[in-house]
Amino acid sequence: MLSDEKHHLEAIQQEPTLEAFKQSALYNEFYTKVHGQNLLWMAFRDRNELLSCVYLRETEYSDNELAMLHLIQPHMESAWRNWKRTRSLKQEVDLLKKSIFQSEEEEAKVARIRKMLESLTSRQRDVVELVAAGKDNQQIADELKISVLTVKKHLQTIFQSMDVQHRTELAAKWHQAHSVSLYQPNDD
189 MLSDEKHHLE AIQQEPTLEA FKQSALYNEF YTKVHGQNLL WMAFRDRNEL LSCVYLRETE
249 YSDNELAMLH LIQPHMESAW RNWKRTRSLK QEVDLLKKSI FQSEEEEAKV ARIRKMLESL
309 TSRQRDVVEL VAAGKDNQQI ADELKISVLT VKKHLQTIFQ SMDVQHRTEL AAKWHQAHSV
369 SLYQPNDD
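Whatever position you read off the sequence shown (first residue = 1), add 188 for the numbering used here.
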């Protein structure tokens with residue numbers, strides 16, 4: 189057995205532990221069938237995670253092999269931690285890429301809505317703004333000093349131009365076009 193305060197390697201080879209192990213059902217029913225009569229176990233801990241490595245073989249581990257494993261164990265532990273960190277960073281990058289893609293896609297959608305709104309007449313834009321504020325046809329007519337029939341005609345034209353089916357969808361598009369964008373495209 190080789191150990192220090194940080195690392196621990198153990199091979200079950202010493203008497204009487206090895207002899208007792210060879211008498212066990214586990215040894216006779218499993219390890220001999222998989223040609224793993226000799227077992228070496230290494231464990232690496234990183235915060236709340238534990239990685240266990242078990243090596244099985246027919247022949248015994250020599251003192252030189254155990255010494256070599258003792259030397260490389262900290263490097264294997266470091267490689268495992270680096271792999272975990274790399275995997276974590278890749279996941280973060282993938283999320284950022286997805287977020288940027290969604291932001292760019294959302295920005296393009298908002299730009300299309302703004303362009304549709306700009307194509308409306310100023311009176312139609314006033315009607316859209318009042319619909320977005322939750323006003324009904326009578327309130328819009330009163331505020332703009334036009335008839336309810338004129339409001340309805342404006343809404344028919346607006347629905348067609350904005351490719352919407354109802355007031356709620358129109359209001360949602362107006363709010364989407366007037367929301368503050370957090371995405372800032374890079375000019376580089």
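A virtual CB, placed ideally from N, CA and C, is assigned to each residue, including glycine. The structure presented is a predicted model; accordingly, all values stated were derived computationally and were not measured.
Contact annotation: residue 244 and residue 227 have beta-carbon atoms nearer than 8 Å.
In the structure shown, residue 246 adopts coil according to DSSP, grouped into three states. Taken through DSSP and simplified to helix, strand or coil, residue 240 comes out as strand. Looking at 254, 357 and 318, the one whose alpha-carbon comes closest to that of residue 331 is 318. Along the length of the stretch 248 to 328, whole alpha helix (DSSP H) runs at least 4 residues long occupy 251 to 306 and 310 to 320, reported in chain order.
Residue 218: not part of any beta strand (DSSP E); DSSP gives it neither H nor E.
In the assembly as shown, residue 362 is a buried residue. Its beta-carbon has 16 or more other beta-carbons within 10 Å.
For residue 355, the enclosing alpha helix (DSSP H) covers residues 355 to 365.
DSSP places residue 233 in the uninterrupted beta strand (DSSP E) bounded by 226 to 234.
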